[in-house]
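At the far end of the sequence shown sits residue 164, using full-length UniProt numbering, and the numbering has no gaps.
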Amino acid sequence: QGFRCEMAFQASRALFEQKSNEAPTVSATKKAADSKAGYHVLALDPNSKRPCALSCIAVSHDGRFFAYCPQTSKVHVSEYKDGEFKLVKELAQHDQLVTSIEFAPSSYNLLTCSQDRNAYVWDYATENDWTPTLVHLRIHRAATYCKWSWDGKKFAICSGQKCI
Numbered sequence: 001q002g003f004r005c006e007m008a009f010q011a012s013r014a015l016f017e018q019k020s021n022e023a024p025t026v027s028a029t030k031k032a033a034d035s036k037a038g039y040h041v042l043a044l045d046p047n048s049k050r051p052c053a054l055s056c057i058a059v060s061h062d063g064r065f066f067a068y069c070p071q072t073s074k075v076h077v078s079e080y081k082d083g084e085f086k087l088v089k090e091l092a093q094h095d096q097l098v099t100s101i102e103f104a105p106s107s108y109n110l111l112t113c114s115q116d117r118n119a120y121v122w123d124y125a126t127e128n129d130w131t132p133t134l135v136h137l138r139i140h141r142a143a144t145y146c147k148w149s150w151d152g153k154k155f156a157i158c159s160g161q162k163c164i
């Protein structure tokens, strides 16, 4: 609630980022969204209407889903359908800031890790619903980055403990 997410897609569905040092305003965002160039990735603070920082983002293999974390312990998943983005699910299992999100290479399964030293595999079981499975990492520092293998059967988690 309160966050509006717009996404940057070109014809090739390649994600691009704004090259300006200026923070976009609400009117600049609307103008960018109305242009034929695509959308800017942007989450707006509901009170100040200024852009919020995203701690991590991920796009599914076919561009259908976009997962992002607006500097919180929750992951928001939006679906791109009929030229628009719609928030379909909020994944809330972590206790601290989510540091990395990764979609599996050939499915909609998600991998997330957090400063709470946990990682979750989110199984896409039914339409727009992900079921979490806790991964026991046995680390004493934050999990900082996660990555699936090329076939989606294994994954790696990096930590602030200098180990993978």
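Backbone N, C-alpha and C fix where the C-beta goes; we use that ideal spot for every residue, glycine too.
Worksheet entry | Residue interval of the beta strand (DSSP E) (run including F94) | According to the sequence displayed, residue 94 carries His and not Phe. H94 -> no beta strand (DSSP E), and no H or E assigned at all.
Discussion item. Can you tell me where the beta strand (DSSP E) holding H76 begins and where it ends?
Written reply: V75 to K81
Worksheet item: Among L87, K162, A143 and E127, which residue has its Cα nearest to the Cα of T99?
Response: A143
Practice prompt. Note down the Cα distance separating G83 from W148, rounded to an integer number of angstroms.
Written response: 28 Å
Worksheet item: Among the residues of its own chain, which have a CB less than 6 Å from the CB of I139, if the five just before and after it don't count?
Response: R117, S159 and Q161
Worksheet item: Relative to the C-alpha of A92, which residue among R141, D62, L134 and T126 is closest?
Response: L134
Worksheet item: For C56, which residues of its own chain have a beta-carbon under 8 Å away from its beta-carbon, when the five flanking residues on both sides are left out?
Response: Y68, C69, V98, T99, S100 and I101
Discussion item. With H, G and I counted as helix, E and B as strand and the rest as coil, what does DSSP make of S114?
Written reply: strand
Worksheet item: The beta strand (DSSP E) spanning S48 covers which residue range?
Response: No beta strand (DSSP E) holds S48; DSSP gives it neither H nor E.
Worksheet item: Short check: CB of T131 to CB of D123, under 7 Å?
Response: yes
Worksheet item: Would you call the CB atoms of I164 and C146 closer than 7 Å?
Response: no
Worksheet entry | The beta strand (DSSP E) enclosing T72, as first and last residue numbers | Segment: none, T72 is in no beta strand (DSSP E) and carries neither H nor E.
Discussion item. So the candidates are Q71, F85 and K89; which of them puts its Cα closest to the Cα of V77?
Written reply: K89
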